[in-house]
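Comments concern the structure below.
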Amino acid sequence: MPSSLPIEQIQSEWRNLAQQIRTAVLLTLRQGRPFGSHAPYIFGDDWTRAYLHLSDLALHSRHLRDDPRVGLFLSEPDQPGKNPLA
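See the structure below:
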C-alpha cells in the first residue's frame, strides 16, 4: 500500500503550484454542457477563496449568470522530458 504524504508537504506543494501559474481553466456550464476557458486568478491569504478576473463580455461570465456552478482546474506546466502522467 502506498504511503501518504504529510499534510504539510501537500500544502507546500499546492502553494508552490498555485503561485507559479497565473491562469487556470474556469469550467462553467453552457446549456448544461461543460465549457472551459482560461482566467487569471489569485488565492486569498487563507487559501479558502479564489478571486478571478472576469469580463462581462466573456462567454464564461454569461454562463455564470445562467448557472453559478463552476470548477477551477490548475495544472503544472508541461516540461519536455517529464512524464505528463506522473
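Under the working numbering, residues 370 to 455 are what the sequence shown spells out, in order.
Glycine included, each C-beta is placed from N, C-alpha and C at the ideal position.
These numbers come from a predicted model, not from an experiment.
For L441, the enclosing beta strand (DSSP E) starts and ends at G440 to F442. Measuring C-alpha to C-alpha distances from R438 to each of L395, Q388, I376 and W383 identifies L395 as the nearest. Its Cα nearest to that of Y410, the residue T392 stands out among R418, T392 and D447. Between the beta-carbon of A387 and that of F412 there is about 6 Å, and that keeps the pair under the 8 Å contact cut.
For the stretch 373 to 412, the full-length alpha helix (DSSP H) segments reaching 4 residues or more read 376 to 389 along the chain. Comparing C-alpha distances from Y420 to each of D447, K451 and G440 shows the shortest one belongs to G440.
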